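Visitor: So for the sequence shown, full-length UniProt numbering puts the first residue at 1; every next one is plus one.
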Amino acid sequence: MKILTAIVRYLVGGLFIFSGLVKVNDPVGTAIKLGEYFGVFAADIASFFSVFEPHALAIGIFLNVLEVVLGIAIIIKWRVKFTINVLSILIIFFTFLTFYSAYFNKVTDCGCFGDAIKLTPWESFTKDIILVVLIGFLFINRNKIKESTFGARHIIIICTTAISLLLCIYAVQHLPFLDFRAYKVGVNVQEAMKPKESPQFQYTFEKEGEEIKSLKYLSEKEGYKLVGHEITNPEASTPKITDFAIWNESGDKTSEVLTGKKLWIVSYSIEEADTEGLIDINNLVSRMPADVEPILITSSSAEDVLKIKAARGLQFDFYYGDATVLKTIIRSNPGIILVEDGTILDKWHYNDVPDPADLSELLN
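1. When the distance is taken between beta carbons, is residue 208 closer than 9 angstroms to residue 223?
2. For residue 346 and residue 321, I'd like the C-alpha separation in whole angstroms.
3. If you follow the beta strand (DSSP E) that residue 320 is part of, which residue opens it and which one closes it?
4. According to DSSP, is residue 207 part of a helix, a strand, or is it coil?
5. Can you tell me where the alpha helix (DSSP H) with residue 92 in it begins and where it stops?
6. In chain order, what residues of the same chain lie with their CB nearer than 6 angstroms to the CB of residue 164, ignoring the 5 residues before and after it?
7. Which residue comes first and which comes last in the beta strand (DSSP E) that contains residue 295?
8. Spatial neighbours of residue 10 within its chain, please: C-beta separation below 8 angstroms, excluding the five flanking residues on both sides.
9. Would you kindly check if the distance between the Cβ of residue 146 and the Cβ of residue 77 is under 9 angstroms?
10. Strictly by DSSP, which residues pair up with residue 123?
11. I'd like to know if the segment 303–315 and the segment 240–247 are in contact, where contact means that at least 3 CB-CB pairs between them fall below 8 angstroms.
12. Where does residue 55 sit, in a helix, a strand or coil, going by DSSP?
13. To which residues does DSSP link residue 266 through a beta bridge?
14. Could you check what DSSP says for residue 23 in three-state terms: helix, strand or coil?
15. May I ask you to list the residues that DSSP assigns as paired with residue 202?
16. Roughly how many angstroms separate the alpha carbons of residue 239 and residue 337, rounded to a whole number?
17. Out of curiosity, what's the CA-to-CA distance linking residue 26 and residue 2?
18. Can you tell me which of 327, 15, 60 and 316 puts its alpha carbon nearest to the alpha carbon of residue 296?
19. Between 360, 305 and 359, which lies nearest to residue 334 when the distance is taken from Cα to Cα?
20. Would you grab the beta carbon distance between residue 88 and residue 135 for me? Rounded to a whole angstrom, and I think it's under 8 angstroms.
21. DSSP on residue 35, reduced to helix/strand/coil?
22. Under three-state DSSP, which class holds residue 77?
23. Does DSSP put residue 67 in a helix, in a strand, or in coil?
24. Throw me the rounded Cβ distance for the residue 40 and residue 107 pair, which I believe falls under 8 angstroms.
25. For residue 174, I'd like the list of residues in its chain whose CB is within less than 7 angstroms of its CB, leaving aside the five on either flank, ordered along the chain.
26. Which value, in whole angstroms, describes the spacing of the CA atoms of residue 257 and residue 343?
27. What is the residue span of the beta strand (DSSP E) that residue 344 lies within?
28. Quick one: is the Cβ of residue 237 within less than 8 angstroms of any heavy atom of the ligand GDP?
29. Helix, strand or coil: how does DSSP classify residue 13 here?
30. Spatial neighbours of residue 139 within its chain, please: CB distance less than 7 angstroms, with the 5 preceding and 5 following residues excluded, ordered by chain position.
31. What separation, rounded to the nearest whole angstrom, lies between the Cα atoms of residue 202 and residue 216?
32. In three-state DSSP terms, what is residue 243?
33. So, with DSSP's three-state summary, where would you put residue 303?
34. Using the C-alpha atoms, what's the distance from residue 318 back to residue 275?
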């Protein structure tokens, strides 16, 4: 039993550490996902959930750090009963979220492992059910798990908390350390919008009461009746980017913004964009290479954009994009992306506005 308990402790601890670290890498992504949940709950369950939306980032950072700390704590057996109790509460909360996502199809990606590992809603729920069983096992046997006498265990917990919190703050003030999204540096957006392979199908036919599966389409003249089909290569036949579209009042501009040398200034909400960041970016635009075209991409209304442009003296044209897509492209409002013929050369947070020389170096 001791060996089994130890195995379960390490499994649970390892999963929580991995899950927490992936989200510590991108706390803004966690905040976006929590905001989606709070919005859905406010509409479907009770309006008071809307109170949490403005605090999604702080709540996300707290949960991310908590996951890492709990994972370490259960492995080193720090305050075992307290740790297992908190793990139990947390996994019940997560299981509710993933069940709600799966059953009601409201939030189709729970963000359990950030953007590093994408799970379907039912896969996420299944993962949480397994954790419920494992943590339930620890809860039942919590009195049999001896508290660690390791002298430095308190220091380990304090250091883990401090380091995780500092990493979260750094990622918020700059950009994620690792970019797992489809718009990471080096990606050619046009190529990512194309599937690697054509879809391949497996057909299900019925003949004389017998079900037959085939990779070829069988003729109805030979008595085969088609009853269903499925794609056998969904990952290869689905483009990595399926929702990128840019437009303005004159129509679709997707191809235009993916041609030539462009500096995208991305702001999903121009009204909420950092003021100093916009000023710094505008100063960059006035000094950068003449062959690089600056464009603002936003989901805000023309009225709001024109008002901010006039107030901040912004000198670049603007286009529209979907807010969710813009949040996915870069975790900064505003953010800067240097693009050449659709290839993302680099990305910057508004706290890290580059020098014109940096742009020239990347383009040479």
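Heads up, the beta-carbon is just placed ideally off N, CA and C, and yes, glycines get one too.
Quick caveat, the model's predicted, so the values are computed rather than measured.
Guide: On the basis of the coordinates in this document:
1. For residue 223 and residue 208, yes; Cβs fall inside 9 angstroms.
2. Approximately 20 angstroms, taken between the alpha carbons.
3. Residue 320 -> beta strand (DSSP E) spans 317–320.
4. In the structure shown, residue 207 sits in a strand (DSSP, three-state: E or B).
5. Residues 80–104.
6. For residue 164, where only same-chain residues beyond five positions count, the Cβ hits under 6 angstroms are 24, 65 and 68.
7. In the DSSP annotation of this structure, the continuous segment of the beta strand (DSSP E) that includes residue 295 starts and ends at 293–298.
8. 75.
9. Yes, Cβ-Cβ distance for residue 77 and residue 146 is below 9 angstroms.
10. Partner(s): none; residue 123 has no beta bridge.
11. Short answer: they don't touch.
12. In this structure, residue 55 counts as helix in the three-state DSSP scheme.
13. BP columns for residue 266 point to 297 and 335.
14. Correct three-state label for residue 23: helix.
15. Partner(s): 230.
16. Taking the straight line from one Cα to the other gives about 21 angstroms.
17. Rounded to whole angstroms, residue 26 to residue 2 spans 36 angstroms at the Cα level.
18. That would be 316, whose Cα lies nearest to the Cα of residue 296.
19. Comparing Cα positions, the closest option is 305.
20. Going by Cβ atoms, the distance from residue 88 to residue 135 rounds to 6 angstroms, so yes, they are a contact pair.
21. Helix at residue 35.
22. Looking at residue 77 - three-state DSSP - the assignment turns out to be coil, as it is neither helix nor strand.
23. Correct three-state label for residue 67: helix.
24. Cβ-Cβ separation between residue 40 and residue 107: approximately 6 angstroms, consistent with a contact (criterion under 8 angstroms).
25. Excluding positions up to five away in sequence, the list reads 349, 351 and 352.
26. Cα-Cα distance, rounded: 11 angstroms.
27. In this chain, the beta strand (DSSP E) harbouring residue 344 covers 343–349.
28. Among the components modelled here there is no ligand, and therefore nothing to report on the ligand GDP.
29. In the structure shown, residue 13 adopts helical secondary structure according to DSSP, grouped into three states.
30. Cβ neighbours of residue 139 beyond the five flanking positions: 84 and 88.
31. In this model, residue 202 and residue 216 are separated by some 7 angstroms (Cα to Cα).
32. Residue 243 falls in the coil class under three-state DSSP.
33. Correct three-state label for residue 303: helix.
34. In a straight line, the C-alpha of residue 275 is about 17 angstroms away from that of residue 318.
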